[in-house]
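Peer 1:
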Amino acid sequence: MCMQNGGVQQGEVFIKMFAGVRNGLMAYLGSELWQTYSALATYMDRDGYCYPSQSQLARAMGVRRETAGIRIRRLCEVEWQGEKLVTAIKGRHEGNQFSNTRYLINPNVAFRFSTELHP
151 MCMQNGGVQQ
161 GEVFIKMFAG
171 VRNGLMAYLG
181 SELWQTYSAL
191 ATYMDRDGYC
201 YPSQSQLARA
211 MGVRRETAGI
221 RIRRLCEVEW
231 QGEKLVTAIK
241 GRHEGNQFSN
251 TRYLINPNVA
261 FRFSTELHP
């Protein structure tokens, strides 16, 4: 059970979107890739790794699974000021015919994990 503490519930985590976004990244990505980037960031752990399925991303964005897959592939190709925004890391567990993809969001670009409500 979460306890209230100054407006923040114990155990809550936050994704910080910082000033770099206002310096043109949102416009550079356009609405579709910005939506994808933002949706992916909601799955980010404290190390920047994300583990959503394409179906989960599709539901979050209100699009088909195939559309989510296309967008995430495009997003993984994007660089901003010489840095990749997102890196896809493919992996396969023994006995599983399908590979699992995790994503690493570059914390130097726009999104960062935090447990504080205010910086």
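Basically our numbering = 1-based index in the sequence shown + 150.
Backbone N, C-alpha and C fix where the C-beta goes; we use that ideal spot for every residue, glycine too.
By Cβ distance below 8 angstroms, which residues in the same chain neighbour Asn258 in space, the five residues on each side in sequence not counted?
Peer 2: The answer, listed in chain order, is Glu233.
Peer 1: For the region 193–220, which segments carrying the alpha helix (DSSP H) assignment without a break, of at least 4 residues, lie completely within its bounds, in sequence order?
Peer 2: Whole alpha helix (DSSP H) segments, 4+ residues: 204–211.
Peer 1: What whole-angstrom Cβ distance do Leu190 and Ile255 have, given they're in contact under 8 angstroms?
Peer 2: Rounded, the Cβ-Cβ distance is 7 angstroms, consistent with contact.
Peer 1: Are at least three pairs of beta-carbons, each pair with one atom in the region 196–205 and one in the region 170–184, less than 8 angstroms apart?
Peer 2: The region 196–205, when compared against the region 170–184, does not touch it at the 8 angstroms Cβ threshold.
Peer 1: Starting from Ala260 and walking both ways along the beta strand (DSSP E), at which residues does that stretch end?
Peer 2: Element bounds for Ala260: n/a, residue is neither H nor E.
Peer 1: Compare the Cα-Cα distances from Asn250 to each of Met211, Gly180, Ser203 and report the closest residue.
Peer 2: For Asn250, the nearest C-alpha among the options comes from Ser203.
Peer 1: For the beta strand (DSSP E) holding Gly241, just list the boundary residues, first then last.
Peer 2: Taken as a continuous stretch (DSSP letters only), the beta strand (DSSP E) holding Gly241 covers 236–241.
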